[in-house]
Amino acid sequence: MIDPRRVLRALAEHWALLEPLCERFDSGTLSLVELRNQLGAQLPDSTPVDITALLDQWVRLDILVPVAKSPNRFELNAQIHDFLAYLRQEHRLGLCLEIEAYLRHLERLAGYIRDAFEVRDGNDLARQLRLLDMRVRDVLKKLANDEQALIAVAERAKTSDRQIPLRQRYAEVLATWDEYVEPMIQLVSADGAFEQGVHRVEQVLLRLLGEQARLGQLVDDDQLLRTHARILEMQTTAQLTLRRARELLLPLREEARRHNAITRGAALALSIVRRKGIDAVPQAALPLFTRPQSTFLGSASQVESYVFALARFQPKPAHFPKASGKRGNDGPQRSPRTAREMLDRCQAALPLPDLMQWLLEQEPEGATDELLYWFSRLSRDARFQRDRLDRRQYDTLEHSVSLCSFALIAGNAGKDTKSEPHAD
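Number 424 marks the last residue of the sequence shown (the UniProt record's numbering); no jumps.
This is the structure:
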């Protein structure tokens with residue numbers, strides 16, 4: 001067993017050298033020559049003997065591990081690498097299958113808890129509950145790590161080099177969506193394995209609480225309640241992590257799908273056309289794309305039939321309603337469209353003993369306001385001479401009007417006539 005204090009002391013002492021090496025080891029293993037060159041660049045005053053002694057110390061403390069079948073290549077110890085990644089706030093996206101494996105283990109532990117309670121084994125029941133609580137916390141840590149890793153994936157895609165094609169910049173986003181987010185959606189769905197597994201474990205704990213209240217306690221109820229609350233927290237965290245992943249990666253995925261190779265080629269061709277014209281674009285670089293048109297007539301036989309139908313086209317006769325004869329004087333007449341027409345009709349009917357009565361005879365179904373308008377217009381026209389009559393009642397279609405009508409005769413206005421000219 002290696003003394004942990006020596007390992008921690010070496011990590012603290014050589015942190016400035018190990019931190020840059022972590023980024024190199026993320027890409028793979030390093031040969032002995034690459035390690036010596038890396039350390040020589042960071043320690044310019046040290047001799048090759050000093051670098052060799054430093055590497056020997058790291059190998060003895062299992063900080064560096066030789067690669068199998070390649071003794072001259074080294075990799076960082078996996079536990080040390082994870083510890084340094086934790087210190088550097090690095091997060092690596094795991095697999096969705098890991099969460100599913102955790103769920104299967106949680107269901108097995110729930111079965112062990114049920115069996116231990118049935119045989120009334122308090123020690124085994126307490127041990128299985130502790131294991132269940134530890135595994136739930138492992139799932140919570142993994143979900144938190146995955147969420148931070150998803151944020152890092154989105155940030156790397158947004159801040160990468162703008163000169164490279166969009167699909168290459170978003171390659172990690174597309175791979176993350178296909179390998180993590182899509183399986184996670186199926187896992188956390190309402191009828192997915194996650195919800196069903198959590199429900200089965202939750203039912204075991206709730207049944208255990210009820211049976212303990214009836215048969216007596218084997219373990220503390222607080223431990224059961226804490227474990228149940230942590231399981232509910234795991235369920236909520238999984239849903240929030242999935243929602244966060246969709247909010248981060250779905251817009252980037254849709255953007256990458258829109259900007260594919262055809263879109264980039266079309267944009268390049270259009271830019272050349274705008275600058276130099278259509279003749280500047282090579283014809284080989286202009287693929288022909290077809291799409292259904294709404295004005296497409298059809299095949300040759302359909303076009304021939306269509307033209308033949310046009311040649312033999314005959315318009316349908318228009319049927320107009322037959323005239324039913326002249327309308328009598330006592331029938332309703334059409335309302336005049338212009339003031340000139342009404343003036344001519346009034347002048348042809350002179351002399352008029354009662355203007356308002358004549359209007360009622362001409363327009364028996366006319367509106368009251370329309371009749372009053374024509375009464376005012378005709379009685380004040382300059383071509384008629386008027387005499388005021390006594391006040392009486394006149395019944396229109398809708399109202400009963402009380403007014404002093406006029407008798408109209410041809411000629412200019414008399415001395416008692418108050419008329420003013422109106423333009424037609």
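Quick reminder that beta carbons are idealized off the backbone N, C-alpha and C, glycines included. What you are looking at is a predicted structure, and each value in this text was computed from that prediction instead of being measured.
Asked	Found
Which same chain residues end up closer than 8 Å to V188 when comparing Cβ atoms and leaving out the 5 residues on each side of it in sequence?	F194, E195, A238, Q239, L242
Just how far apart, CA to CA, sit E365 and L397?	6 Å
Whole angstroms is fine: what's the gap from D133's alpha carbon to Y102's?	12 Å
Would you report the Cα separation of G331 and H319, rounded to the nearest angstrom?	Interpretation of G331 is limited by its pLDDT of 45, a score under 50 that renders its predicted location unreliable; the figure taken from the coordinates is listed afterwards. Taking the straight line from one Cα to the other gives about 26 Å.
Helix, strand or coil: how does DSSP classify V136 here?	helix
DSSP on E365, reduced to helix/strand/coil?	coil
Measure from the alpha carbon of W177 to the alpha carbon of each residue in Q42, R257, L106, M234, then state which is nearest.	R257
Could you give the residue range of the beta strand (DSSP E) that holds Y394?	384 to 395
Suppose the cutoff is 7 Å on Cβ atoms and the five residues either side in sequence are ignored; what does the same chain contact list for E100 look like?	L187, A193
Relative to the alpha-carbon of I63, which residue among A349, W15, E107, V204 has its alpha-carbon at the smallest distance?	W15
Buried or exposed: where does D82 fall if 16 or more other Cβ atoms within 10 Å of its Cβ makes it buried?	exposed
Given a cut-off of 8 Å on the beta-carbon distance, is the pair A410 and L350 in contact?	yes
Within its chain, find whatever has a CB closer than 6 Å to the CB of E13; leave out the 5 residues flanking it on each side and keep chain order.	none
Could you check whether M356 and S400 sit closer than 8 Å to each other, using their CB atoms as the reference points?	no
Quick one: complete beta strand (DSSP E) runs, 3+ long, within the segment 101 to 150?	none
At a Cβ threshold of 8 Å, is F384 touching chain D?	Of the protein chains in the structure, only one exists, and it is not chain D.
Distance, Cα to Cα, Q293 vs P183?	Reliability fails at Q293, whose pLDDT of 46 lies under 50, so the model's placement of it is uncertain and the value that follows must be treated cautiously. Rounded to whole angstroms, Q293 to P183 spans 39 Å at the Cα level.
With 16 as the cutoff for other CB atoms within 10 Å, does T227 come out buried or exposed?	buried
Does the segment 57 to 76 come within contact of the segment 139 to 156, defined as at least 3 CB pairs closer than 8 Å?	no
Residue ranges of each alpha helix (DSSP H) run of no fewer than 4 residues wholly in the segment 183 to 231, ordered along the chain?	193 to 215
Compare the Cα-Cα distances from Q168 to each of L84, N145, E255 and report the closest residue.	E255
Using the DSSP secondary-structure output, state which residues sit across from F308 in a beta bridge.	BP columns for F308 are empty, so no partner.
Looking at the unbroken beta strand (DSSP E) that takes in L64, where does it start and where does it end?	64 to 67
Under the assumption that R200 contacts A110 (Cβ atoms under 8 Å), give the Cβ distance between them as a whole number of angstroms.	6 Å
Pick from V136, L360, W58, L95: whose alpha carbon is nearest that of E107?	V136
If the criterion is Cβ atoms closer than 8 Å, does the pair F25 and E75 meet it?	yes
Spell out the partners DSSP gives V401 in its beta bridges.	Y394
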